[in-house]
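Visitor: Take a look at this one; I'll ask things after.
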Amino acid sequence: MVEEKENVCIVVLGDIGRSPRMQYHSLSLAKNGHKVDILGYGESEPLIEIKLSPSIYYHFMVPVPIRSPHILMVQNPPAIPSLIICWLFAKIIGAKFIIDWHNYAHSIMALSLSKKHILVRLTEKCESFIGKKADYNFCVTNEMKDDLLIRWGIKATTLYDRPPLIFKPISLKDKHEFLIRLGQTYNVLLDGPNSTIFTELIDNEVKLKRSRPAFIVSSTSWTEDEDFSILFDSLQEYENEIVNGNLHRLPTLICFITGKGPMKQYYMEKIARQHWKHIQVITPWLDFKDYPLILASADLGVCLHTSSSGLDLPMKVVDMFGCCLPVLAYDFKCLHELVIDGKNGYTFKNSENLSARIISWFENFPINEKNLETEKKFKSELETIQSLRWEENWEKVAYSAFH
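Under this note's numbering, the first residue of the sequence shown carries the number -6, and numbering increases by one thereafter.
What follows is the structure in structure tokens.
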């Protein structure tokens, strides 16, 4: 007799398509024979694997799942009202209640409200109370695990984000084909038939152009939690370096910035007013299947994530590492659990640090032997992350909570 696995309900209360970690949970559970319902908003498409899975059902703004779950897992933030509603619902139907802590909701609210604001304090009380009622808690860093225990007496298990298999290095041929396709939308990437500004096809063989622009990519939510002015000021300094003599022999720069958010339009208008001649900024909204390809095609990744609590790690860096992309990341309290300065990437504290890093990285590009050796060292260190993907890590660390 085949054992019937428990039904699991995962509550996002955000855009399902932009909640990769919760989608990865769903896929891992389905792979292990569970039936999964996901509740959330439908602003963007879920992963194709989610859509094709016969064991996963996603419900847009449906208050009650079709099946009565044995286990209910909710992400935090947001805390209000999701934590309270989900805990009460789990209690009523007798389901195991699990919280996956990505950050603290009250710390995010404190960015726009004061820490003493009644709503911030109420949210913190809610997180503390409901967190202690959960049957199981996951969190994203060891720093958060320690903080949950010290702050509220909540025992949690650290489940690090790890890149799924779709985030991986790609061949030069795949890179060329992707850039050709992307160039149909962004003509600046093309340079004649069968040629991009980065790559060319010679005698049926794809080659990198010796004289090519540098290609950086950054993903931002365009919110106060990620200060885009740091990258803006760094790009301005890069432009100034070239205009003022280009002593570092810097290439022109193509900068892809993915994501959407409330401050995007403000900065796009600000960039347009600069009339940069040596920097081209492109802000696409990519299909999820194209996001790993653009990371694997770039020369350098930039992460502006600062963390409202100082206790979560930027998933975008995990994705970049999965694609073996060298990273410059904003430094904060627990970043060392992912990025070790000078070992597998570089960190920065302000726009001056960042501009110096970018200029140094692309000095005499692409034939700077010192930088090529550093890149080789970084990629060697990233093999550890690449060797332990989300699927294996989830089986090892998380699955026991769902038995």
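All C-beta atoms, glycine included, are put in the ideal place defined by N, C-alpha and C.
Could you give the DSSP three-state label for Ile78: helix, strand or coil?
Guide: DSSP places Ile78 in helix when its eight states are reduced to three.
Visitor: Would you list the one or two residues that DSSP bridges to Lys66?
Guide: The residue you asked about is not Lys; residue 66 is Met in the sequence shown. According to DSSP, Met66 bridges with Ile3 and Ile91.
Visitor: Tell whether a beta-carbon distance below 8 Å holds between Gly315 and Phe191.
Guide: No; because the gap between Cβ atoms is not below 8 Å, this pair is not in contact.
Visitor: Within 10 Å of its beta-carbon, does Ile378 have 16 or more other beta-carbons around it, so buried, or fewer, so exposed?
Guide: The residue is buried, with at least 16 neighbouring Cβ atoms inside 10 Å.
Visitor: Can you give me the C-alpha to C-alpha distance between Ile64 and Lys309, rounded to a whole angstrom?
Guide: Going by the C-alpha atoms only, they are around 29 Å apart.
Visitor: Give me, in chain order, the residues of the same chain whose beta-carbon lies closer than 6 Å to that of Val311; leave out the 5 immediate sequence neighbours on both sides.
Guide: Asp154 and Pro156.
Visitor: I'd like to check one pair, Leu115 with Leu106: are the Cβ atoms closer than 8 Å?
Guide: Not a contact, by the Cβ cut-off of 8 Å.
Visitor: From the DSSP output, which residues share a beta bridge with Ile163?
Guide: For Ile163, which the question treats as bridged, DSSP gives no partner whatsoever.
Visitor: Do Ile223 and Asn343 have their CB atoms nearer than 8 Å?
Guide: Cβ atoms of Ile223 and Asn343: closer than 8 Å.
Visitor: Only counting the same chain, and skipping five residues up and downstream in sequence, which positions put a Cβ closer than 7 Å to that of Pro71?
Guide: Cβ within range, chain order: Leu6 and Ala98.
Visitor: What is the rounded straight-line gap between the Cα of Thr134 and the Cα of Lys148?
Guide: The alpha-carbon atoms of Thr134 and Lys148 are separated by roughly 13 Å.
Visitor: Cβ of Leu40 within 8 Å of Cβ of Phe355?
Guide: Not in contact: Leu40 and Phe355 (Cβ atoms no closer than 8 Å).
Visitor: My output table needs one value for Gly254: the three-state DSSP class, helix, strand or coil.
Guide: Gly254: coil per DSSP, three-state reduction.
Visitor: Taking Met66 as the reference, give the member of Asn0, Lys118, Ile264 and Lys270 with the closest Cα.
Guide: When each option's Cα is compared against that of Met66, the closest is Asn0.
Visitor: Which one of Ile352, Cys248 and Ser12 has the shortest CA to CA distance from Ile275?
Guide: Ile275 has its Cα closest to that of Cys248, out of Ile352, Cys248 and Ser12.
Visitor: Is the distance from the Cβ of Leu246 to the Cβ of Tyr260 below 8 Å?
Guide: Not closer than 8 Å, so no.
Visitor: Could you tell me which residues DSSP pairs with Thr192 in its beta bridges?
Guide: Leu201.
Visitor: Please identify the residue among Phe325, Cys327 and Ile333 whose C-alpha is closest to the C-alpha of Pro319.
Guide: Of the listed residues, the one whose Cα sits closest to Pro319 is Ile333.
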